[in-house]
Amino acid sequence: MKIGIIGGKGRMGSWFTKFFEKQGLKVLIGDKEGPPAEELAQKVDVLILSVPISELEGLTKRVGPFLKKENLLMDFASIKSLPLKWMLDSTEAEVIGAHPLFGPKAELYEKLSICLCLGRARKWLSPIKEIFERGGLKVIITSPDEHDRNMALIQALHHLSNLTLALLLKKWEASQELLTPGFKKRLSTLLPILEEDPDLYWSMMNKNPFFEEAKRAFLLQFKNLLEEKAFKEGFLSLSREFLSFGGRKKIAYLGPEGTFSHLAASKISGMEFDLQGFPSIEEVFRATEKGETDYALVPVENPIEGMINETHDLLLETPLRIQGEFELEVSYVVASLTDSLSEIKKVFSHPQALGQCRKWLKEHLPWAELIYCSSTAQAALMALKDPHACALVARETAELYNLKVLKEKVEDTALNNTRFFILGKEPFLPSLQPKKATISFLLPHVPGALHRALSPFAERGLNLCRIVSRPLKGSSWEYSFFADVELGSGFEEALEELKEKAVLVKLLGKYPLLR
79 MKIGIIGGKG RMGSWFTKFF EKQGLKVLIG DKEGPPAEEL AQKVDVLILS
129 VPISELEGLT KRVGPFLKKE NLLMDFASIK SLPLKWMLDS TEAEVIGAHP
179 LFGPKAELYE KLSICLCLGR ARKWLSPIKE IFERGGLKVI ITSPDEHDRN
229 MALIQALHHL SNLTLALLLK KWEASQELLT PGFKKRLSTL LPILEEDPDL
279 YWSMMNKNPF FEEAKRAFLL QFKNLLEEKA FKEGFLSLSR EFLSFGGRKK
329 IAYLGPEGTF SHLAASKISG MEFDLQGFPS IEEVFRATEK GETDYALVPV
379 ENPIEGMINE THDLLLETPL RIQGEFELEV SYVVASLTDS LSEIKKVFSH
429 PQALGQCRKW LKEHLPWAEL IYCSSTAQAA LMALKDPHAC ALVARETAEL
479 YNLKVLKEKV EDTALNNTRF FILGKEPFLP SLQPKKATIS FLLPHVPGAL
529 HRALSPFAER GLNLCRIVSR PLKGSSWEYS FFADVELGSG FEEALEELKE
579 KAVLVKLLGK YPLLR
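Residue numbers (the working numbering): 79 to 593.
Here it is in structure tokens:
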């Protein structure tokens, strides 16, 4: 199958180019540097228009006549009624309108969805739906009117209200120091919008046939909430609906807020999970084992400091299974109340962070006392209490605690990703296929035991990504091994052979990679 994307070098077009190519599909790009749109239309099976809606009508008239009945024409516009009409009028090919319900910076681990609206789809609905689902997207099929009515509220009014609030904040000359975390979080949803062309967001309003109706409903609801009785009734009805039965699932992480574990949890949680911090890795495990939370996010290793010993020890005894792997790019800043490095006398941070920045600290702050903290968030709190101290933390943590950033990227190596496991009793992302497995095993004290244990995987061409060991508690000179294996044909047979050669084997989980 050949897929053509006009606008394939734009941000959303580029996202889907990679998405399709990862599945082994041939993708041809049409833009200013590529073949003309009319020529591309004759070379592909599926033609996708990923252009601003202001250009869409003219483009459909140009390319539509060059498509055959057996072809498929699609678009990625944020409204669907008008684009579907334009496409249906322009061609005899099959037509499906698509709206990715995410932006071009999104990652598949965020549980992304794409909406499909059918125009003329006898042959192509099943294969195109399968392609999207195989790549990890949830497919929602709806009518163009139902889509546009929802988007009038979910997109158009949402973006308009955020823009209104931000402009009012500027006009009001409100103090930035008084902004609460909740208000900052709302403003942060505005930032991706400001990176785009304003025409895109204007078209979400003026091209959506349901926007005027949504606007009137919004203003009426706003007016009603200024009455005490209506305000309280509305507040309580939402409380009952959204907070009843503890319906939202929870992810436990190593807290408090502002740690790298918290940043990682925030990236994978989206809007579908609540986050709950715990003071130790063991408590993160125990909370999920007891059912207080649904999943546990725990650090596994860092390329500089190596494996996280406590996590590996707890993996041996927990009934939880690894349900996913996530890597967070870790970069440290020097954060302080003071304006100058020369005034720093103490450096607070987690031992891992101090280890990852030891060369920079030796060169730039050799006189400063290094003080261990239980987390980078605690380090930020300690720096807040001492004008002659600094903390090694993430930039987001410095901003959260209103510390000044004196220096960025002070880690000793740029390749400084921290690897996390997501643990739970149920799959975290059922739509994604497992790519790796982690196994723990104990071997007898005989020559060549490790070689014989791993040979079943080598014989079947299964790649071992990592192997580490930990001393076995309560035994002298005995070690538990941990191996990460890329899944492939013959894995189950190799695992069974390992069980015959080892004293003890535990499959810790087969899981997808959340990239």
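All residues carry an ideal CB built from backbone N, CA and C; glycine is no exception.
Close Cβ partners of residue i (< 7 Å) along its chain, the five nearest in sequence each way excluded
{"i": "Lys87", "result": "Ile107, Asp109"}
{"i": "Asp223", "result": "Ser159"}
{"i": "Lys121", "result": "Lys80, Gly82, Leu106"}
{"i": "Arg140", "result": "Ala115, Glu116"}
{"i": "Tyr589", "result": "Ile400, Gln401, Gly402, Glu403, Pro512, Lys514"}
{"i": "Lys96", "result": "none"}
{"i": "Leu278", "result": "Pro130"}
{"i": "Ala431", "result": "Tyr410, Thr454, Leu470"}
{"i": "Tyr557", "result": "Ser547, Arg548, Pro549, Leu550"}
{"i": "Asn302", "result": "Ala308"}
Neighbourhood of residue i by C-beta distance below 6 Å, restricted to the same chain and skipping five residues each side
{"i": "Ser322", "result": "Bear in mind that the predicted position of Ser322 carries a pLDDT of just 48, short of 50, making it unreliable; the figure below should be weighed with that in mind. Same-chain partners within the cutoff: there are none."}
{"i": "Ile157", "result": "Asp226, Lys285, Asn286"}
{"i": "Val124", "result": "Ile81, Leu150"}
{"i": "Ala252", "result": "none"}
{"i": "Ile500", "result": "Tyr373, Leu375, Gln401, Gly402, Phe506"}
{"i": "Leu573", "result": "none"}
{"i": "Pro113", "result": "none"}
{"i": "Lys327", "result": "Phe351, Asp372"}
{"i": "Lys584", "result": "Ser518"}
{"i": "Leu235", "result": "Ala292, Phe296"}
{"i": "Trp250", "result": "none"}
{"i": "Glu361", "result": "none"}
{"i": "Gln354", "result": "Lys328, Ala330, Thr371"}
{"i": "Pro334", "result": "Gly355, Ala455"}
Residue i - partner residues in DSSP beta bridges
{"i": "Thr496", "result": "Leu406"}
{"i": "Cys195", "result": "Gly175"}
{"i": "Phe559", "result": "Phe519, Ser547"}
{"i": "Ile107", "result": "Ile83"}
{"i": "Pro377", "result": "Phe498"}
{"i": "Arg399", "result": "Gly502"}
{"i": "Leu125", "result": "Gly82, Leu151"}
{"i": "Gln354", "result": "Ala330"}
{"i": "Leu432", "result": "For Leu432, which the question treats as bridged, DSSP gives no partner whatsoever."}
{"i": "Gly566", "result": "In the DSSP output, where bridge partners are listed per residue, Gly566 has none listed."}
{"i": "Val483", "result": "Ala413"}
{"i": "Met385", "result": "Glu379"}
{"i": "Leu392", "result": "Note: Leu392 sits in no beta bridge, so no partner."}
For residue i, the three-state DSSP class (helix, strand or coil)
{"i": "Pro508", "result": "coil"}
{"i": "Glu99", "result": "helix"}
{"i": "Pro334", "result": "coil"}
{"i": "Gly82", "result": "strand"}
{"i": "Ile346", "result": "helix"}
{"i": "Glu477", "result": "helix"}
{"i": "Lys327", "result": "strand"}
{"i": "Gly369", "result": "coil"}
{"i": "Val488", "result": "coil"}
{"i": "Val581", "result": "coil"}
{"i": "Gly88", "result": "coil"}
{"i": "Ser414", "result": "strand"}
{"i": "Gly587", "result": "strand"}
{"i": "Ile157", "result": "coil"}
{"i": "Phe180", "result": "coil"}
{"i": "Lys139", "result": "helix"}
{"i": "Ser427", "result": "strand"}
{"i": "Leu592", "result": "strand"}
{"i": "Lys146", "result": "coil"}
Beta-carbon separation (whole angstroms), residue i vs residue j, contact threshold 8 Å
{"i": "Leu332", "j": "Ser453", "result": "7 Å"}
{"i": "Leu528", "j": "Leu542", "result": "About 11 Å separates the two Cβ atoms, so there is no contact after all."}
{"i": "Ala115", "j": "Ile131", "result": "Their Cβ separation, rounded to whole angstroms, is 16 Å, which puts Ala115 and Ile131 out of contact at 8 Å."}
{"i": "Leu576", "j": "Leu520", "result": "About 11 Å separates the two Cβ atoms, so there is no contact after all."}
{"i": "Ala61", "j": "Leu481", "result": "For residue 61 there is no data in the structure shown, the boundaries of the chain being 79 and 593."}
{"i": "Ile329", "j": "Ser347", "result": "6 Å"}
{"i": "Val425", "j": "Ala446", "result": "5 Å"}
{"i": "Phe560", "j": "Ser509", "result": "Rounded, the Cβ-Cβ distance is 27 Å, inconsistent with contact."}
{"i": "Gly502", "j": "Leu398", "result": "6 Å"}
{"i": "Leu127", "j": "Asp153", "result": "4 Å"}
Same chain, Cβ closer than 8 Å to residue i, neighbours up to 5 away in sequence not counted
{"i": "Lys551", "result": "Asp391"}
{"i": "Asn240", "result": "Arg264, Leu265, Thr267, Leu268, Ile271"}
{"i": "Asn387", "result": "Arg548"}
{"i": "Lys146", "result": "Glu170, Ala171"}
Residue i CB to nearest heavy atom of the ligand PLP below 7 Å
{"i": "Glu407", "result": "Questions concerning the ligand PLP fall outside what the structure shown contains, since it holds no ligand whatsoever."}
Inset, instruction - Go through the region 513 to 538 residue by residue and report every complete run of the alpha helix (DSSP H) that reaches 4 residues or more, in order. - result: If only uninterrupted alpha helix (DSSP H) runs of at least 4 residues are considered, those enclosed by the region 513 to 538 are 527 to 537.
Inset, instruction - Ignoring anything shorter than 3 residues or poking outside the region 434 to 470, list the beta strand (DSSP E) runs there in chain order. - result: Within the region 434 to 470, the complete beta strand (DSSP E) segments of 3 residues or longer fall at 447 to 450, listed in chain order.
Legend entry - Continuous alpha helix (DSSP H) assignments of at least 4 residues falling wholly in the region 243 to 324: Complete alpha helix (DSSP H) runs here, min 4: 259 to 266, 269 to 272, 276 to 284, 289 to 302, 306 to 321.
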